[in-house]
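Here this note's numbering is used: the sequence shown runs in plain steps of one and ends on residue 308.
Think of the CB as a built atom: it goes at the ideal place given N, C-alpha and C, for glycine as much as any other residue.
Keep in mind that this is a model prediction, so the values were computed, not measured.
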Amino acid sequence: MSTDRTTDKTADGTATDDGWADGRLAVVGAGVMGTALATLAVGRGLPVLLTDVSEEQLERARGNVRQQLRHARLLGKLPKGPDGELTLSTSYEQLDSAAAVIEAVTETTEAKAEALGGISAAVRPGTLIASNTSAVPVDELAGCTQRPEDVVGTHFMNPPYLIRAVEVIRGPRTGDAAMAALDRLLTALDREAIVVGDGPGFVSNRILMRVINDAARLVAEGRAPAENVDRVFTGCFGHRTGPLATADLIGLDNIVDTLKVLHDRTGDDGYLACDLLLDKVRAGDFGRKTGNGFYSYGGTRA
């Protein structure tokens, strides 16, 4: 086991000004979303345990949390403090002391099933397990755990420390106690829950992934460059961002993974990832996180 502990400002570990008295929040997976979720929780004064299999990934996450806290506060999206305590670990051993766990590993069924099985075995019965998933049905994920009634789906938008709304998915076996625990957690995080029913892609990605896929197809066909596809949405429809800029923010690798989940579970060929998306992912152009996607950052189309 390797444990690292870093604190800029510490909370007492048992309560915050937001009323979260349940205890420490654990986040499993220190990728883009897991790190951003840790930022949100620490910035709201919650003590956080962030776990990942990679010590190198955890070390990057520690620096990214500090950077994201500064960014969020410059934008007025997080209070000035005090920060919650951040503990880093490569082991699930400390999950037995967690009041709630958010699973935020890669959006593949295999990765999530493995993580959720390990989480379920490590936590105390009755501990909230929130799977941060963008497409896999919650009941399918709950079936990988020992106690499906403790599992609820949360689809935080990226970055969650800037976006208040959270798509919450109640599975058919999710219990009232889990929903109540999630409500307390989201209140402490100052997030707004939008509760929807279970099913592939839920509401958001059942619609959005098809739009992004079709937008990419239009670029590949030469109908319009990426900038003009997006300008139709921003200029004509009043959207804050177009579908391809949104795809770059989400990560084109995540888009392809989510499309696969949707196609596998619906059989709808509209969710077959188009060649342009697949080519960009094969080239390592995932969007903002790699510096190139449909756009290069700063600002010129790739």
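### Message
Going by DSSP, what residue range makes up the alpha helix (DSSP H) through T264?
### Response
To locate residue 264, count along the sequence shown from 1; it is residue 258. Here the alpha helix (DSSP H) through T264 covers 258-272.
### Query
Assuming A187 and L268 make a contact with CB atoms under 8 Å, what is their CB distance in whole Å?
The residue given as residue 187 occupies position 181 in the sequence shown. The residue given as residue 268 occupies position 262 in the sequence shown. Going by Cβ atoms, the distance from A187 to L268 rounds to 29 Å, so no, they are not a contact pair.
### Task
Indicate whether at least one CB of chain C lies closer than 7 Å to the CB of D28.
Although the question refers to chain C, the structure presented lacks it and comprises just one protein chain.
### Query
At which residues does the alpha helix (DSSP H) containing S95 begin and terminate?
Here residue 95 corresponds to residue number 89 of the sequence shown, with the count starting at 1. Unbroken run through S95 is the beta strand (DSSP E), 92-95; no alpha helix (DSSP H).
### Query
Just how far apart, CA to CA, sit R223 and I256?
Position 217 of the sequence shown, counted from the start, is the residue given in the question as residue 223. Position 250 of the sequence shown, counted from the start, is the residue given in the question as residue 256. Computed Cα separation, rounded: 18 Å.
### Message
Can you tell me whether A289 is buried or exposed? The criterion is at least 16 other CB atoms within 10 Å of its CB, across all chains shown.
### Response
Working through the sequence shown from its first residue, we reach residue 289 at position 283. By the 10 Å Cβ count, A289 comes out exposed.
### Task
Find out if the Cβ-Cβ distance for the pair T41, L75 is shorter than 7 Å.
Here residue 41 refers to the residue found at position 35 when the sequence shown is read from its first residue. Here residue 75 refers to the residue found at position 69 when the sequence shown is read from its first residue. The answer is no: Cβ separation not under 7 Å.
### Message
Taking DSSP's pairing of strands, which residues face A104 in a bridge?
### Response
Taking the first residue of the sequence shown as position 1, residue 104 is located at position 98. DSSP output for A104 lists R30 as bridge partner(s).
### Message
Taking the straight line between their C-alpha atoms, what separation do you get for A47 and V111?
### Response
As a working mapping, residue 47 is identified with position 41 in the sequence shown. As a working mapping, residue 111 is identified with position 105 in the sequence shown. Using only the alpha carbons, I get a separation of about 17 Å.
### Task
Take P206 as the anchor and find which of P85, G132, M215 has the nearest alpha-carbon.
In the sequence shown, residue 206 corresponds to position 200, counting from 1. Among P85, G132, M215, the Cα nearest to that of P206 is on M215.
### Task
Enumerate in chain order the residues of its own chain whose CB-to-CB distance from R294 is below 7 Å, with the five nearest sequence positions on each side excluded.
As a working note, residue 294 is residue 288 in the sequence shown. These residues qualify, in order along the chain: D254, L255, Y303.
### Query
By Cβ distance, which residues of its chain are closer than 6 Å to Y98, with the 5 residues on each side in sequence left out?
Here residue 98 refers to the residue found at position 92 of the sequence shown. The residues are G124, A128.
### Query
Is there contact between the region 223-239 and the region 57-77, where contact requires at least three CB pairs shorter than 8 Å?
no
### Query
Out of curiosity, what's the CA-to-CA distance linking V54 and A221?
Start at 1 with the first residue of the sequence shown, and residue 54 comes out as number 48. Start at 1 with the first residue of the sequence shown, and residue 221 comes out as number 215. Straight-line Cα distance between these residues: approximately 38 Å.
### Message
In this structure, how does DSSP classify R4 when only helix, strand and coil are distinguished?
### Response
Residue 4 is absent from the structure shown; the chain starts at 7 and stops at 308.
### Message
Beta-carbon within less than 8 Å of R246's beta-carbon, same chain only, minus the 5 sequence neighbours each way: which residues are those?
### Response
Translated into the one-based positions of the sequence shown, residue 246 becomes position 240. Hits under 8 Å: T240.
### Query
By the 10 Å Cβ neighbour count, where 16 or more other Cβ atoms means buried, how is C280 classified, buried or exposed?
Position 274 of the sequence shown, counted from the start, is the residue given in the question as residue 280. By the neighbour-count rule (16 or more Cβ atoms within 10 Å), C280 is buried.
### Message
My output table needs one value for E113: the three-state DSSP class, helix, strand or coil.
### Response
Along the sequence shown, read from residue 1 onward, the residue named residue 113 stands at position 107. Taken through DSSP and simplified to helix, strand or coil, E113 comes out as coil.
### Message
On the criterion of 16 or more Cβ atoms from any shown chain inside 10 Å, does A148 qualify as buried, or is it exposed?
### Response
In the sequence shown, the residue the question calls residue 148 occupies position 142. Buried: at least 16 other Cβ atoms inside 10 Å.
### Task
Please list, in chain order, all residues of the same chain as T115 whose beta carbon is under 6 Å from its beta carbon, the five residues on each side excluded.
Stepping through the sequence shown from its first residue, residue 115 is reached at position 109. Leaving aside the five residues that flank T115 on each side, the residues in its chain whose CB is nearer than 6 Å to its CB run, in chain order, V142.
#### Entry: Collapsed DSSP secondary structure at N164 in the structure displayed
Counting from 1 along the sequence shown, the entry for residue 164 is found at position 158. Note: N164 maps to coil in three-state DSSP.
### Task
Report all residues from its chain with a CB closer than 7 Å to the CB of V71; omit the five preceding and five following residues, and keep chain order.
Taking the first residue of the sequence shown as position 1, residue 71 is located at position 65. Excluding residues within five positions, the ones whose Cβ falls inside 7 Å are T41, A44, T45, V48, L92.
#### Entry: Residues sharing a beta bridge with T139, DSSP
Locating residue 139 in the sequence shown gives position 133, where the first residue counts as 1. According to DSSP, T139 bridges with nothing at all.
### Query
What is the DSSP secondary structure of V59, counted as helix, strand or coil?
One-based indexing of the sequence shown puts residue 59 at position 53. Correct three-state label for V59: coil.
### Query
For C150 versus L122, is the C-beta spacing smaller than 7 Å?
Translated into positions along the sequence shown, residue 150 becomes position 144. Translated into positions along the sequence shown, residue 122 becomes position 116. Cβ atoms of C150 and L122: closer than 7 Å.
### Task
Leaving out five residues on either side along the sequence, give the residues of the same chain with a beta carbon under 6 Å from the beta carbon of P165.
Sequence index remark: in the sequence shown, residue 165 carries index 159 (1-based). Cβ neighbours of P165 beyond the five flanking positions: A42.
### Task
Hey, could you find the ends of the alpha helix (DSSP H) G40 is sitting in?
As a working note, residue 40 is residue 34 in the sequence shown. G40 -> alpha helix (DSSP H) spans 38-49.
### Message
Suppose you measure from the CA of A67 to the CA of L94; what does that come to, to the nearest Å?
### Response
Reading the sequence shown from its first residue, position 61 is the one you call residue 67. Reading the sequence shown from its first residue, position 88 is the one you call residue 94. Cα to Cα, the separation comes out at about 9 Å.
### Query
Taking DSSP as the reference, what is the three-state secondary structure of I218?
By one-based count along the sequence shown, residue 218 stands at place 212. Of the three classes helix, strand and coil, the one that applies to I218 here is helix, per DSSP.
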